[in-house]
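To start, the structure under review is shown below, and the notes come after it.
Take a look at the structure:
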């Protein structure tokens with residue numbers, strides 16, 4: 004059966020081709036069926052694979068040599084193991100739901116564009132599957148770039164609008180900055196290990212000493228790639244802009260799947276990272292910083308999608324914190340739960356926007372609870388989940404990360420908890436301003452307010468259920484559970500777990516205390532937020548420090564000032580001065596010199612015999628002197 | 101007399117000719133100076149021929165060494181005569197067209 | 000068939016056939032006749048090359064190598080060899096011309112017969128360069144490819160064409176004359192006084208001389224490629240020449256330089272090329288960044304493409320001098336792929352100019368509303384240009400960077416900086432030209448994207464995708480040349 | 470030997486036929502007959518079917534080298550006649566005399582290429598020069614022609630004086646005029662020999678118009694009637710080069726290293742001045758005269774190199790350069806306007822002339838597959854082989870690159886510039902001759918062996 | 128210091144002096160006359176060297192024929208002081224300087240080299256006599272002799288071509 008793994012990415016590709024080539028001829032419904040159908044089938048296959056792997060045989064399926072250069076052989080191979088199937092399920096599952104959702108959400112689009120949308124979406128799923136299935140870093144990189152491309156295409160889906168396309172460029176280019184590091188890391192890997200296959204590399208890396216310079220370098224460079232892809236400091240600014248794309252796209256790409264590619268990559272190469280504690284420290288700090296920093300920004304955003312975007316960034320920060328402190332399972336766990344509730348949040352937001360006729364400013368909403376019951380309830384579930392209130396999923400995953408952070412370094416934990424409080428606060432600020440209070444929109448908006456169609460609500464409901472219960476696959480031992488996910492993934496992380504066995508186990512009492520503090524403070528924050536914003540939301544422009552937050556700490560402006568402008572100026576200088584008058588000037592100068600020489604030299608030919616003979620005599624004289632006295 | 105007397109004499113004569121060519125603008129004079137140069141060479145040739153003759157006649161009295169030098173002079177005179185005839189013809193033609201014998205009068209051809 | 004009796008070898012066939020058809024075309028004067036004949040002949044050439052790909056085996060030696068005395072007194076013999084790299088580049092050449100013809104098929108030139116005739120002469124010259132095994136023959140073809148290029152691009156093209164082409168000509172001519180001196184010098188030191196590549200390789204020059212002669216060769220090739228800072232002729236020439244000529248210039252002729260580095264320069268001067276490798280790599284890398292930065296500033300599509308191609312060539316040059324096996328393979332297939340991609344770019348640019356009547360990015364906009372098809376082609380080719388995985392350029396660039404890495408991490412880092420820059424300028428171009436609101440109405444009806452241009456573009460895109468997903472054939476094709484090269488430079492580092 | 474006699478005799482024949490035939494056009498026919506006979510005879514001589522048992526006391530020696538060169542010179546002359554026969558009548562009334570003088574010149578050329586004593590060299594050069602003074606001034610009404618003639622005459626006879634002084638000093642030092650009997654050693658020359666050498670170098674450089682003794686050339690070439698310019702600039706010049714090479718190879722060959730530097734300097738100067746000055750010229754005729762100086766610079770390389778490559782090369786160069794120059798001068802003659810603008814758009818008005826001229830110009834530039842390339846190539850390989858002064862070769866090629874500037878300027882004018890250049894009507898013989906010339910240029914370029922092998926029969 | 132030396136010095140002074148007069152005298156006719164004087168003194172030298180034949184020929188050909196030809200021409204053009212132009216003095220200066228330095232260089236190169244002390248046989252030795260020269264001329268030098276006829280022929284033709292109206 005696992006020979007059939009190639010079908011998993013292939014089907015979306017086929018969907019892409021059919022929808023892309025036949026976009027003129029296909030009817031919308033047909034497009035929708037193809038678009039969703041292929042994903043559904045690959046979801047089913049992934050399920051089968053999952054159970055196979057659970058039954059306990061994971062394997063590497065090789066198809067053909069992609070690159071063979073001297074001793075460097077890179078096959079086109081897929082790896083089916085615990086980690087990849089988990090991601091397979093997330094991608095295809097959530098992906099399928101989002102596809103279904105999109106069929107309704109994108110319905111106003113004309114046929115061709117509709118098909119274009121679905122083909123891009125399928126292409127994205129294809130590349131994402133490639134990313135997680137690849138059995139070596141090159142295939143991963145192919146998927147890595149592929150998802151980047153799709154996000155570029157989908158952000159700029161409404162290509163008429165220059166801001167949107169600009170956002171697409173920004174996303175792609177920032178990802179390129181990440182790829183810069185990633186590629187460099189790959190080359191270093193090749194130089195170090197002579198291969199890119201996971202299995203060979205990890206087996207070779209096993210017997211390298213801790214903090215080997217090469218390993219630190221490689222892991223850091225790979226991490227740069229992850230920073231770009233998963234929108235961490237300093238390369239996170241593209242993600243909020245990426246909200247320009249259609250909301251389901253934001254749900255799928257910029258919340259559930261693509262942005263977690265970095266997490267996947269580090270989890271995949273966990274051994275290398277555990278061998279390079281220095282890098283681990285960097286990862287943890289970056290993650291923590293991102294988590295808190297993004298959370299602060301999210302406090303003051305008024306665009307519903309922007310809030311969610313920054314919360315995504317911050318949640319990703321948590322995942323990296325988890326990775327940084329060695330809680331790989333926790334990170335993957337959080338990826339899963341986050342995929343559910345964040346997708347749910349985005350889809351809910353989408354449903355709201357749909358209902359409000361593309362109004363995204365929460366200050367113009369309010370009191371939608373009655374009008375959009377399904378959306379409201381599902382949204383609430385998601386908010387509770389992300390806020391980390393037991394027993395919903397977010398609690399378990401976040402708690403696992405925080406616990407690990409605590410055992411690594413108390414400061415991590417403190418900051419992490421503060422971040423969690425902020426999360427709870429801004430999420431419920433959003434919830435309250437959107438759904439509670441009374442409606443603040445215009446009249447025809449109010450007149451048209453209605454619950455979204457079934458195709459949109461059902462995915463919400465399913466995701467809500469998942470967001471609610473998915474936490475129970477990872478109930479920690481303290482709460483009498485035995486963490487199925489950890490057992491399932493243990494083969495992947497076995498190597499690194501062996502290395503960090505000295506990881507001192509923290510007492511149960513402490514754990515209870517930690518959970519209590521986290522959950523309690525979160526609840527307090529929620530209550531404060533709800534009470535504060537359900538009655539009188541802050542409609543006026545933020546002042547003072549709030550303004551700074553609202554303008555995202557002016558980071559974009561900063562980057563513009565230190566990177567973009569100088570570079571532009573410099574290349575302008577090169578183009579105008581160095582190229583034109585410098586290099587080309589020299590070349591033309593030679594020509595002009597020859598011409599000038601011709602004009603001057605011919606004056607020697609002054610037409611007077613006397614002068615000619617004189618010059619001949621002088622020349623003879625010179626020859627004499629050279630011949631006789633030199 | 102030793103040969104260097106003759107060498108210096110004719111070289112001097114030769115250079116006088118050159119100086120004449122360089123300093124005068126009257127083309128006839130210039131031409132005459134060229135003749136002067138030729139005569140310098142002739143003189144030196146004869147001197148050399150006698151020198152070689154002397155050197156050779158020590159070995160055998162009936163040598164004809166050096167004869168060729170004098171014959172060369174003869175040929176030079178021949179050529180000179182021919183040149184003069186042509187040259188004067190050209191000069192006359194010039195004078196006919198432009199009533200001047202100034203070499204610098206003609207410099208349409210330049211640069 | 001029996002491998003030993005050959006009527007005519009492939010290289011000869013490939014050199015003479017375009018030459019003859021070119022000469023025949025000179026005599027015709029009906030435009031459509033001329034076009035048909037030119038197109039057919041170019042396709043036949045493709046067929047020949049494709050056929051030749053089945054005779055790569057050792058036992059077909061006589062099909063692929065020819066050599067007979069030409070100037071015995073000079074020890075020069077008309078020797079052609081047809082090895083992997085030669086095949087690959089001949090394939091590129093033979094593909095480039097049909098593409099060029101197709102894309103401009105319904106465009107009428109003044110004096111079509113001389114245009115197409117010269118084109119085919121150039122083709123024969125180029126193929127000769129790629130097959131020559133004898134230094135003098137190599138030089139001959141090197142010039143023979145230049146002369147038609149000169150006439151083509153100064154007879155047909157923009158209004159500043161004469162000066163720019165002339166600059167290009169004198170520049171390259173001076174370079175190749177320097178190379179001639181180098182050839183002569185090496186020849187005089189060959190053990191058996193022949194110009195054959197083999198004896199050139201066996202010649203051991205005194206080191207201090209080798210250092211000088213190396214530069215004589217390198218400058219010629221550097222001008223041809225062109226490598227920073229010898230590149231200034233290129234953007235003007237590309238801008239001014241007529242598109243189908245530009246395709247050949249940038250798609251094929253530029254490869255002559257890279258080819259010459261691999262076939263002649265480094266194997267003949269292994270010591271000097273090792274000595275100066277650092278310097279040249281740094282030069283090339285600087286050139287890459289420099290050209291990318293300038294390409295960013297360009298407002299003229301043609302100039303933008305020109306500078307981006309300078310950047311790509313710089314990478315090839317650097318990778319060649321890194322002399323790492325994987326890098327070499329990268330160079331090999333990148334020579335082919337870059338040719339195809341840049342031709343695709345030119346086709347699209349030419350279309351845009353023909354349809355919208357301008358090449359200025361600032362004046363264009365929202366073309367995708369008018370012509371989604373063109374947009375799709377352009378986007379695919381642009382993605383190939385920035386070496387996105389699963390497009391043909393990726394494999395090559397990946398390997399080249401990898402080869403460069405073996406030379407040093409910092410140079411690689413600087414060079415890799417270009418993948419960011421290339422993304423910046425390519426995507427900006429795509430965005431400003433194709434996206435947004437329509438700025439300018441098309442002067443021609445879109446009917447002018449007629450079937451032959453579409454065919455050309457489809458061919459390009461297919462090659463891009465197929466070689467992007469399954470590059471293996473190219474690797475196998477060029478394996479032997481890489482082995483020869485590596486064996487030459489192995490001993491030294 | 471017979472060639473010398475025959476050419477001299479045919480000169481006389483031409484003179485007298487001037488009395489019997491009144492029609493100018495017959496002169497051309499008779500001349501062509503004569504030159505054909507000359508070619509035939511010298512072919513027989515070359516294959517030694519014909520031999521004149523005449524004791525010339527070692528005044529001349531006819532080597533294969535000189536004979537091959539004579540053949541080349543004769544063939545070039547034949548082509549020259551075929552191309553310009555009609556133009557002779559334009560110049561003046563004394564057509565028969567012009568032909569007669571040219572035949573005398575030919576006998577002079579034969580002497581100069583096979584001389585063995587300085588006396589014969591002197592006589593030969595005079596026989597070449599004196600008729601040239603006349604031909605230069607043959608357009609009597611035209612002041613430019615007069616001026617050219619006068620300048621050529623004055624400076625020519627001056628250089629004769631210089632040369633004689635050189636000969637005298639050599640005689641003084643060695644006691645003989647026979648260049649083979651001089652036996653000058655390889656070590657540093659005595660002052661007398663040195664002076665003789667330098668003076669002879671100067672005089673010969675003057676004859677071949679090598680800088681800085683070239684000043685006469687542009688003016689004289691420019692002023693004289695174009696057809697005679699093309700004679701002077703090609704056949705005469707290469708003949709003088711052969712004499713130059715023969716003299717310095719036989720007399721001073723052993724002490725080559727002692728005077729190489731001078732030759733190198735002269736070659737470099739000639740290349741530089743010739744090429745650079747040609748760039749700015751506005752009249753094609755004058756450009757071609759400067760270009761002939763530039764080409765002389767390349768030929769000087771053979772004097773510098775003085776090895777087998779140089780000797781074979783000078784033959785090739787003579788053929789290649791003479792043919793190409795005669796051709797493009799012949800094209801020039803047919804043009805109404807000699808300025809560059811006068812050639813604008815010749816492609817449209819007269820594609821045949823344009824194509825032919827392009828071939829000649831490409832050959833002069835030294836593009837492969839044209840004779841010019843092989844010739845230049847031989848010069849360069851000789852220079853590099855020589856071992857010293859490697860910079861000279863590089864300098865030479867850079868100058869060759871510059872030469873492309875002015876040659877291609879003409880091609881540009883003909884092909885890429887708009888305009889309507891006017892050319893005189895062309896006779897069929899002219900066209901045929903032009904095609905033959907172009908064919909030879911390409912043939913020699915492709916198979917130079919034919920010529921090289923002839924040197925070693 | 129015998130009579131020969133005396134004569135030698137005398138003639139030398141005459142030669143050089145008259146040569147200088149040739150180039151410095153304003154009037155062309157005068158310079159022609161001075162040139163004739165020079166030729167005579169050179170013939171004197173020939174006699175001193177016992178090259179009688181050349182001495183005679185020199186007088187006949189040069190002083191007789193050529194100079195008369197010059198004289199004719201000058202008379203024909205009836206030139207006088209005024210019409211004989213002068214170069215600007217810088218050029219003349221340069222001419223004198225360069226000519227003089229050429230002289231100096233040659234002298235400087237040639238003086239005190241041992242071969243310079245070779246004796247020259249004065250007023251004896253019979254190679255200069257007409258019969259010896261004649262024999263050699265018509266035995267060994269017959270070819271150049273004939274060739275020179277070609278030279279004359281061409282010169283004649285040329286003179287005619289140029290000279291006739």
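Residue numbers (the numbering used here), protein chains in the order written: chain A, 4 to 633; chain B, 101 to 211; chain C, 0 to 492; chain D, 470 to 926; chain E, 128 to 292.
Every residue gets a Cβ at the ideal spot worked out from N, C-alpha and C, and that includes glycine.
This one's a predicted model, so the numbers in the text were calculated from it and none came from an experiment.
Apart from the five residues on each side of it in sequence, which residues of its chain come closer than 6 Å, Cβ to Cβ, to residue i?
i             : result
residue 230/C : 309
residue 104/C : 451
residue 172/E : 138
Put residue i into one of helix, strand or coil per three-state DSSP.
i             : result
residue 891/D : coil
residue 883/D : helix
residue 878/D : helix
residue 76/C  : strand
residue 345/C : helix
residue 322/C : coil
residue 306/A : strand
residue 582/A : helix
Kindly list the residues whose CB is nearer than 7 Å to the CB of residue i, restricted to its own chain and excluding five residues on each side of it in sequence; keep chain order.
i             : result
residue 529/A : 390, 427, 431
By Cβ distance, which residues of its chain are closer than 8 Å to residue i, with the 5 residues on each side in sequence left out?
i             : result
residue 573/D : 476, 477, 480, 596, 600
residue 535/A : 432, 435
Thinking residue i and residue j are a contact (beta carbons under 8 Å), I'd like their distance in whole angstroms, please.
i             : j             : result
residue 118/A : residue 29/A  : 6 Å
residue 264/C : residue 194/C : No, residue 264/C and residue 194/C are not in contact; Cβ-Cβ is about 16 Å, not under 8 Å.
residue 433/C : residue 390/C : Wrong, their Cβ atoms sit about 18 Å apart, outside the cutoff.
Residues of the stretch 602-616 of chain A whose Cβ lies closer than 7 Å to any Cβ of chain D, in chain order | 602, 604, 605, 608, 610, 612, 615, 616
Where the stretch 653-667 of chain D meets chain E: residues whose CB sits under 9 Å from a CB there | 659, 660, 661, 663, 664
In the stretch 156-175 of chain A, which residues sit with their C-beta less than 9 Å from some C-beta in chain C, listed in chain order?
-> 156, 159, 162, 163, 164, 165, 167, 168, 169, 171, 172, 175
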